[in-house]
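Notes for the one structure printed next.
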Ligand code: GCU
């Protein structure tokens, strides 16, 4: 039933040792569209893995069929389940989206039960069972799993425009839109929804946060029927559809002369509009809003706050259970580079922290992981954890805008894990970001994780085949931030490339090293932004240095870095809770990796590693290129063990990466050699 050329991690390759799974039993308690999807998936997967079509039956007919083990889907509330499954613990432990997998000996052999409290639980349980079936040596005996997602909201944000282009997209055109219409053939959207459900995604916004003219009309009768169609596809996979909306819609669509959130006509317009949306999409998720950011309209125009702006929309959504996801990416994008006191990194905290407690319950603030903009390395946003009385959702970027644009290999799971494990000290030790956004630290009514997705209509979804691992890993980590990098990597490789130990070993090691390699030739010591303006690809050390964007490194002949200290810098370090503020404030304790993010130091400054700043720049840039050579070597050792198409596709990208890494190395090393006049200790070639 699935149409895509590349099935990503849902390949279900044939295996010799496939357990006997010849019957799928649907308990009478289990019904609904998501259950249909689960059964369809099981059936397809079993056929792929075993070569035999499984029999589909229901509990009512079970006694009539021959005795054979089965997989049964049932609601935990069903009264006629085997006794072992009728325990109080089980029904208490299962959350709304959770599932249990249990194998039970039956007369006819070991059977597997997928138990949930809701349809969605059964769907997630099904995908989990299939994941287990594809991991090495997994048998179905003594299965005893119970899982609930840690994050209530697990979202994807598309930056797709209706003309088919994707802002910061590196994998082709939009899978939703073409020529200012919705695509006609929705096979790809179905496959996509299924991939997202398999990793637990439960909310997707389908259009760019920069809502242009045509996209503004997504909430009108012209496009709502199409939106409803996509929402229907998503619904069968347990996913709610969200739309990014234009804050100035009352003007652009409603003919009002204002979008002032405190003007009654504006509130009334949004209420009518929202009612219209829910009429066609009763389970509509809500609005994603980029307001007063990078020239987008917002409440500032009317002298109102972001609380005023978002609460007005929240009121309209409230009767239907909808939410407003309000982005905190608000900063001065018309800065004067001569002004060294304004610090873009401070902006989100300065704007939003004072508003804590003023937002309605169905508003969530969406905060990028770092205070700047998805750099290869930057500090963690100090706003995360700093608003005990305001719902927060974390925003990651899967699409590799600043991390190699899916031409360079850059596995982001290690970066995201570092961020999720970052201790904010908001309520003392062990107040990690993962606990803030899961709603464990403060009693948030809504929270979770969002990410800008890296998918387009390329055959392999993500351009670079290995960039699928970021997509997969994001979902898994969002379901459970405590999964280890190794666990996620291993799951992905087994499902995507099979169980050959060489493949598992080399692909794991390539992925594990890749972020470090990319960092080493692009972004020494947390400096960031040395990229070409606008498209952000390739080296340009001064590309943003004399610009309006607030993204400077301040390199001169003596030194480099941004002084963000409280003592004599921009004061940004003071936005962290004291433990982190002190650590970053002092050169003695500031980690090397973030040195230039927090401090301006001479090139001769000695790092904790023992090297100097300038020697570190040279060394890492040479090492980075060698790292890429090593990636190529490892990948070439897998020739013949991976199908030719995927092998060649990845190899071509690695070769490009190699060439481009040399460009980075030579430009950055030469720039800093010329600025500093200090030679490389090892006399390597610098131009
Ligand atoms: C970055 C990115 C933009 C995007 C913006 C955002 O600045 O380059 O393309 O619109 O982030 O997150 O809103």
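In UniProt numbering, the protein residues as written are 8 to 694. Just so you know, even glycine gets a beta-carbon here, dropped at the ideal spot from N, CA and C.
Local Cβ density within 10 Å of residue i, reported as buried at 16 or more and exposed below that
{"i": "residue 640", "result": "exposed"}
{"i": "residue 228", "result": "exposed"}
{"i": "residue 620", "result": "buried"}
{"i": "residue 214", "result": "buried"}
{"i": "residue 471", "result": "buried"}
{"i": "residue 94", "result": "exposed"}
{"i": "residue 281", "result": "buried"}
{"i": "residue 691", "result": "exposed"}
{"i": "residue 323", "result": "buried"}
{"i": "residue 560", "result": "buried"}
{"i": "residue 437", "result": "exposed"}
{"i": "residue 681", "result": "exposed"}
{"i": "residue 49", "result": "buried"}
{"i": "residue 601", "result": "buried"}
{"i": "residue 399", "result": "buried"}
Cβ-heavy atom distance, residue i to ligand 1, below 7 Å
{"i": "residue 504", "result": "no"}
{"i": "residue 380", "result": "yes"}
{"i": "residue 297", "result": "yes"}
{"i": "residue 217", "result": "yes"}
{"i": "residue 336", "result": "yes"}
{"i": "residue 300", "result": "yes"}
{"i": "residue 385", "result": "no"}
{"i": "residue 175", "result": "yes"}
{"i": "residue 408", "result": "yes"}
Whole-angstrom C-beta distance between residue j and residue i, which should lie under 8 Å
{"i": "residue 132", "j": "residue 160", "result": "The pair is not a contact, with the Cβ atoms about 20 Å apart (cut-off 8 Å)."}
{"i": "residue 76", "j": "residue 117", "result": "6 Å"}
{"i": "residue 381", "j": "residue 456", "result": "With 8 Å as the limit, residue 381 and residue 456 do not qualify as a contact, their Cβ atoms being about 14 Å apart."}
{"i": "residue 538", "j": "residue 409", "result": "7 Å"}
{"i": "residue 468", "j": "residue 102", "result": "Contact doesn't hold; Cβ gap of about 30 Å is too wide."}
{"i": "residue 664", "j": "residue 302", "result": "Rounded, the Cβ-Cβ distance is 34 Å, inconsistent with contact."}
{"i": "residue 203", "j": "residue 169", "result": "In fact, because the Cβ distance is near 21 Å, the residues do not count as touching under 8 Å."}
{"i": "residue 569", "j": "residue 603", "result": "7 Å"}
{"i": "residue 525", "j": "residue 377", "result": "About 16 Å separates the two Cβ atoms, so there is no contact after all."}
{"i": "residue 671", "j": "residue 529", "result": "6 Å"}
{"i": "residue 38", "j": "residue 463", "result": "The Cβ separation is near 35 Å, so there is no contact."}
{"i": "residue 460", "j": "residue 387", "result": "Actually they do not touch by this definition, with Cβ atoms about 22 Å apart."}
{"i": "residue 371", "j": "residue 548", "result": "38 Å between Cβ atoms; not a contact."}
Contact set for residue i: own chain, Cβ-Cβ below 6 Å, skip 5 residues either direction
{"i": "residue 465", "result": "178 and 179"}
{"i": "residue 500", "result": "511 and 514"}
{"i": "residue 63", "result": "31"}
{"i": "residue 300", "result": "336 and 337"}
{"i": "residue 656", "result": "472"}
{"i": "residue 579", "result": "350, 352, 353 and 571"}
{"i": "residue 394", "result": "363"}
{"i": "residue 297", "result": "216, 303 and 334"}
{"i": "residue 20", "result": "505"}
{"i": "residue 137", "result": "52"}
Cutoff 8 Å; reference residue i; Cβ partners in own chain excluding five residues on either side
{"i": "residue 597", "result": "590, 591, 605 and 606"}
{"i": "residue 257", "result": "263, 265, 266, 272, 273, 276 and 277"}
{"i": "residue 97", "result": "83, 107, 122 and 153"}
{"i": "residue 231", "result": "225, 283, 284, 287 and 288"}
{"i": "residue 91", "result": "109 and 111"}
{"i": "residue 616", "result": "599 and 623"}
{"i": "residue 43", "result": "243"}
Own chain partners of residue i with C-beta closer than 7 Å, once the 5 adjacent residues on each side are dropped
{"i": "residue 522", "result": "417, 418, 419, 421 and 422"}
{"i": "residue 293", "result": "249, 324, 329, 330, 331 and 332"}
{"i": "residue 722", "result": "The displayed coordinates of the chain run from 8 to 694. Any statement about residue 722 would go beyond what the structure contains."}
{"i": "residue 679", "result": "621 and 624"}
{"i": "residue 629", "result": "672 and 691"}
Residue i beta carbon near ligand 2 (any heavy atom closer than 7 Å)
{"i": "residue 335", "result": "The model on display carries ligand 1 but not ligand 2."}
- [ ] Taking only runs that begin and end inside the UniProt domain "Alpha glucuronidase N-terminal" (15-136), name each unbroken alpha helix (DSSP H) of 4 or more residues, in chain order.
- [x] 40-57, 66-69 and 95-100
Task: alpha helix (DSSP H) segments (min. 4 residues) lying fully within the stretch 167-252 - done: 194-205, 220-223 and 231-242
Open item on the list: Restricting to runs no shorter than 4 residues, where is the alpha helix (DSSP H) found entirely within the stretch 530-589?
Closed with: none
- [ ] Write down every uninterrupted run of the alpha helix (DSSP H) in the stretch 358-444 whose length is 4 residues or greater and which is fully enclosed by it, in chain order.
- [x] 420-427 and 440-444
Open item on the list: If we require 4 or more residues per run, which alpha helix (DSSP H) segments fall completely within the stretch 628-652?
Closed with: none
- [ ] Kindly provide the ranges of any alpha helix (DSSP H) runs that are 4 or more residues long and lie completely inside the stretch 590-624, ordered along the chain.
- [x] 602-605
Open item on the list: In chain order, what are the residue ranges of uninterrupted alpha helix (DSSP H) at least 4 long that sit wholly in the stretch 313-345?
Closed with: 313-324
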